[in-house]
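Have a look at the structure below before the remarks.
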Amino acid sequence: MSDQDIELDRESLLWLYAAGALDAEDADRARALLDRADLGDVAIYSEAIACLAQLPEALPMYRPSAMVRQRVMALAKPAAPITPKSPAPIASAVGAGASMGTQRLAVIAAIAAVALAVATVIMQFRNDSLQEQNEALNARMLELNDRAGMLGRPGVKVACMENAATQSRSRVIVDTERHQVFVHAFHLKPLPNGRELALWIVPSAGKPLPVGTFKPDADGNASANFSLGCQVPETFTVAITEEPAGGSPQPTGATVVSGPLH
Amino acid sequence: MAARDSVALATLYDRYAALIFTLSYRILHSREEAEDVLADVFFEIWRRAEGFELKNTTLKAYLVLLARSRSIDRLRAQKSRGTRSLSQSFDAPSPQTDQVAVSEDTERVRAALGQLEPQQRDLLERTFYEGLSHSQLAAVLHKPLGTVKSQIRASLRRLRVLLRQPSRELSRSGKP
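Protein chains in written order, with numbering that gives the first Met the number 0: chain A, 0 to 261; chain B, 0 to 175.
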C-alpha cells in the first residue's frame with residue numbers, strides 16, 4: 000500500500016471485492032476471508048452481491064435479437080447421432096499401382112495425422128485442466144450462494160446494529176429453528192485485560208439471556224458463533240455488552256451495540 | 000433446468016435475457032458482443048444445469064455477476080487488442096423496437112441511484128461497468144488511492160441503505 004492508502008475493514012473489503020474494485024493485494028485478503036467460509040463473511044459478501052446485482056435494473060432495458068434465443072434454445076435439442084466414419088485406409092493410397100509421389104503424399108499425410116492426434120491430446124489435456132479450474136471456481140460461487148440462501152430460511156432473523164458514538168457495528172444472525180447464533184462485529188474498541196464482550200438475547204419481557212462471550216481481534220473485528228442452550232423467546236432484541244472475562248449472569252457493563260432483529 | 004428441460008431453459012431465458020443483454024451492452028457498447036455474452040452465459044448455465052439449484056434472487060445475482068465478469072473480460076481483451084468501439088454506433092439497440100417496458104424494480108433502483116451524489120454514482124458506475132480497480136480509478140481521477148477507497152466505500156454504504164428503503168419512500172425523498 001502507498002502512504003496515501005487506507006486499511007479497509009472486513010465489511011468494506013468484502014463489499015469492494017464483490018464490486019470488483021479491489022487491487023490484487025486487497026483482493027487476495029478478501030478471497031482468504033471467503034475461503035474460511037465464515038457464515039458472517041459469506042452473509043456480508045452475499046448481501047453485497049445481491050445489492051450490486053440490482054444496479055443493471057436502472058439501465059434502459061433492451062431486448063436481444065431473436066437469433067440469440069434460437070442459439071440458446073438449440074442447446075435443448077437432442078444432438079443428432081454421429082455416425083463414426085471409418086478413416087480412409089492409408090494403405091489403399093499406397094496400392095500396388097500408386098506412384099512414388101502418391102506414396103510420399105501418403106507418408107506425409109500419415110505423419111500429419113499423427114502430429115494432429117498428439118496436438119489434440121495435448122490440447123485436450125490443457126482444456127481439461129482449465130475446465131477443472133473453472134468448475135472449482137463455479138463450485139465455490141455456488142457454495143457461497145447456498146450459504147446466502149440460509150438467510151432466507153424461515154426462523155432466521157438478522158440484526159444490523161451501529162453505535163453512532165463509537166462507530167462500532169455488528170451483525171447478529173439468529174436461527175431460531177436450529178438454535179444457532181452468529182455474531183460479527185467491526186470497529187470495536189480494544190478491551191482492557193480481563194474483559195470480554197458478551198452477547199445477550201433480550202426478551203420483550205423478562206431478564207436478558209446470556210448467549211456467549213467473545214473478544215475482538217487486533218483490528219477491532221470479531222466473529223463468533225454459539226449454540227443456544229435456551230428456548231428463544233417470541234419477541235426479543237439483541238445486545239452486546241462489555242463484561243468480566245467468562246461472562247456474567249446478567250449484563251453489568253456498558254452496552255456496545257443493541258437493536259432489533261428483522 | 001436440472002432435468003435439461005427446454006421449457007425451463009426458455010422460461011429462464013425469457014426472464015433474464017433482457018437484463019443480461021442490457022448489462023453486457025452497457026459494458027461493451029456492441030450489440031454483437033453483448034449477444035455473444037448472453038449466449039455464453041446460458042451455455043454455461045446449461046452446461047452446469049445438473050448441479051444447479053434454482054433460487055430466484057441468488058440466481059439473478061449469479062447471472063448478473065457472471066455476465067458482468069464475461070463482459071469485462073471481453074472489454075479488457077478489446078482494449079488490449081485496440082479494437083474497442085469499432086462497431087459502437089452501428090449496432091446500437093433502437094429505443095423504438097428493442098426497449099423493454101420499465102418495471103417497478105427499475106424505478107426503485109433508479110430512484111436509489113438518483114439520490115446518490117453525482118460523484119458517488121460515477122465511481123460506482125466506473126467500478127461496476129468498466130471494471131476499474133481502486134488504483135486504476137485513482138490514476139484516472141488523479142486522486143490519492145486512500146481517497147478513492149473511502150469514496151467508493153461511502154458510495155456502496157449509501158447505496159445499500161437506499162436500496163433497503165421501500166420504493167415509495169425513495170420516490171418521496173428523491174431528487175427532482
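Here a beta-carbon is modelled for each residue, glycine too, at the ideal position from N, C-alpha and C.
Only a predicted model underlies this, so the values are computations on that prediction, with no experimental measurement involved.
{"Item": "Check whether the Cβ of Y12 (chain B) lies closer than 8 Å to any Cβ atom in chain A.", "Value": "yes"}
{"Item": "According to the neighbour-count rule (16 or more other Cβ atoms, all chains shown, within 10 Å of its Cβ), is T126 (chain B) buried or exposed?", "Value": "buried"}
{"Item": "Compare the C-beta of R73 (chain B) with all C-beta atoms of chain A and state if any pair is closer than 8 Å.", "Value": "no"}
{"Item": "How big is the Cα-Cα spacing for A48 (chain B) and A9 (chain B)?", "Value": "13 Å"}
{"Item": "Assuming E180 (chain A) contacts L198 (chain A) (C-beta within less than 8 Å), just tell me the rounded distance between them.", "Value": "As written in the sequence, residue 180 (chain A) is Val, which differs from the Glu given in the question. Right, their Cβ atoms sit about 7 Å apart."}
{"Item": "So is G308 (chain A) in contact with chain B if we call contact Cβ pairs under 8 Å?", "Value": "This structure cannot settle anything about residue 308 (chain A), because the visible part of chain A is limited to 0 through 261."}
{"Item": "R170 (chain A) and H186 (chain A) - do their beta-carbons sit closer together than 8 Å?", "Value": "no"}
{"Item": "Flag A49 (chain A) as yes if its beta-carbon sits less than 8 Å from any beta-carbon of chain B, otherwise no.", "Value": "yes"}
{"Item": "Pick from B:A16, B:L131, B:A111: whose alpha carbon is nearest that of A57 (chain A)?", "Value": "B:A111"}
{"Item": "Just the chain A side, please: which residues come within less than 7 Å of A181 (chain B) by C-beta, in chain order?", "Value": "An answer regarding residue 181 (chain B) cannot be provided, because it is not within the stretch 0 to 175 covered by chain B."}
{"Item": "As a quick exercise: from A:V255, A:S128, A:V231, pick the residue whose alpha carbon is nearest that of E242 (chain A).", "Value": "A:V255"}
{"Item": "Whose Cβ in chain A lies nearer than 7 Å to the Cβ of L112 (chain B)?", "Value": "A57"}
{"Item": "Under the DSSP definition of a beta bridge, which residues are partnered with M160 (chain A)?", "Value": "A:S169"}
{"Item": "Per DSSP, S226 (chain A) is paired with what?", "Value": "A:Q179"}
{"Item": "Comparing the C-beta of S128 (chain A) with each C-beta of chain B, is any distance below 8 Å?", "Value": "no"}
{"Item": "When you check each C-beta in the region 148–161 of chain B against every C-beta of chain A, which residues fall closer than 7 Å?", "Value": "K148, S149, I151, R152, L155, L158, R159"}
{"Item": "Give me the residue from A:P202, A:P189, A:K206, A:G228 with the minimum Cα distance to F213 (chain A).", "Value": "A:P189"}
{"Item": "Can a CB atom of chain B be found closer than 8 Å to the CB of V155 (chain A)?", "Value": "no"}
{"Item": "In chain B, what lies closer than 9 Å to R68 (chain A) by C-beta?", "Value": "A9, Y12, D13, A16"}
{"Item": "Using a Cβ cut-off of 8 Å, pull out every chain B residue sitting near D44 (chain A), in sequence order please.", "Value": "For the sequence presented, residue 44 (chain A) should be read as Tyr rather than Asp. Here the premise fails: no neighbours, minimum Cβ distance about 11 Å."}
{"Item": "Secondary structure at L202 (chain A), three-state DSSP: helix, strand or coil?", "Value": "First, the amino acid is wrong: residue 202 (chain A) is Pro here, not Leu. If DSSP states are grouped into helix, strand and coil, P202 (chain A) belongs with the strands."}
{"Item": "Strictly below 7 Å CB to CB, what residues from chain A border A38 (chain B)?", "Value": "V67, R70, V71"}
{"Item": "Does L74 (chain A) have its Cβ less than 8 Å from a Cβ in chain B?", "Value": "yes"}
{"Item": "If you check the beta carbons only, do A76 (chain B) and I19 (chain B) fall under 8 Å apart?", "Value": "no"}
{"Item": "Looking at S70 (chain B) and S23 (chain B), is the spacing between their C-beta atoms short of 8 Å?", "Value": "yes"}
{"Item": "Answer with yes or no whether the minimum CB distance from D22 (chain A) to chain B is below 8 Å.", "Value": "yes"}
{"Item": "Of the residues A:L12, A:I110, A:L13, A:V155, which one's Cα is nearest the Cα of H178 (chain A)?", "Value": "A:V155"}
{"Item": "Answer yes or no: does any C-beta atom of chain B fall closer than 8 Å to that of L7 (chain A)?", "Value": "yes"}
{"Item": "Would you say Y16 (chain A) and A36 (chain A) are within 8 Å of each other, going by their C-beta atoms?", "Value": "no"}
{"Item": "Excluding the five sequence neighbours on either side, which residues of its own chain have a C-beta within less than 8 Å of the C-beta of P250 (chain A), listed in chain order?", "Value": "A197, W199, P207, A238, T240, E242"}
{"Item": "Check whether the region 219–229 of chain A touches the region 110–121 of chain A, taking contact to mean three or more Cβ pairs, one atom from each stretch, closer than 8 Å.", "Value": "no"}
{"Item": "Could you give the distance in angstroms between the alpha-carbon of D8 (chain A) and the alpha-carbon of S149 (chain B)?", "Value": "11 Å"}
{"Item": "Straight-line CA distance for G193 (chain A) to G246 (chain A)?", "Value": "10 Å"}
{"Item": "Please name the residue or residues paired with D174 (chain A) in a DSSP beta bridge.", "Value": "A:V155, A:Q179"}
{"Item": "Taking Cβ positions, are R152 (chain A) and E161 (chain A) nearer each other than 8 Å?", "Value": "no"}
{"Item": "With distances taken from CA atoms, which of B:R159, B:G130, B:Y12 is nearest S64 (chain A)?", "Value": "B:Y12"}
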